[in-house]
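Whatever position you read off the sequence shown (first residue = 1), add 118 for the working numbering.
Glycine is no exception: its CB is placed at the ideal position from the N, C-alpha and C atoms.
This report refers to the structure that appears directly beneath it.
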Amino acid sequence: MADNSPSHIGRRDHQRLRLKLAASLITVSATEPVLLLDLSQTGARIATRAPLSITSGFLRWLRWEMFGDVVWEKGPMIGLRFDEKLPLEVLLSTRREAPDESRRHADDALEHARAWAAGGSL
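In structure tokens form, the structure reads like this:
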């Protein structure tokens, strides 16, 4: 049951895990690369390359995926509400694995920048 006390109004029932993790949004028309910014047991906030006109889709990150409905959209930012509660173990595993994944992407970007600076092409 939700806590409707004055001190709880405007607060989320589930804490969000802040991320900057490469993910995919799979819809009936396409698979879009997205950036997973926030994740909780009930939903996620993602950033897309450009605004999308969608109502739902599968969010896939690391080795998991969840189906969600779009509950808000502001330009390339989308809020998803999952149709089922994300298991706490998945949230905790994402927290453990995300830093390694983010570091790997940063290392790839650094290598790409070094190659370009040395006269390589993009």
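Beta-bridge pairing by DSSP links Arg178 to Ser142, Glu183.
Shortest Cα-Cα distance from Thr145 to any of Ala236, Val208, Gly186 involves Gly186. In terms of CA proximity to Val188, Phe200 leads the group Leu155, Phe200, Leu157. Assigned with DSSP and collapsed to three states, Glu191 falls in strand.
Gly175 counts as buried, since no fewer than 16 other beta carbons sit within 10 angstroms of its beta carbon. Under the DSSP assignment, Pro169 falls outside any beta strand (DSSP E); it carries neither an H nor an E label.
Only residues of its own chain outside the window of five on either side were considered, and among them Val152, Leu153, Leu155, Pro194, Met195 have a CB closer than 7 Å to the CB of Ala165, listed in chain order.
Among the bridge pairs identified by DSSP, Ala216 is matched with none. Straight across, the Cα-Cα distance linking Glu207 with Arg167 is about 30 Å.
Leu204 and Leu177 have their C-alpha atoms spaced approximately 12 Å apart. Leu143 places its beta carbon 8 Å or farther from that of Ala216. Judged by DSSP secondary structure, Asp156 falls within the beta strand (DSSP E) whose first and last residues are 149-157.
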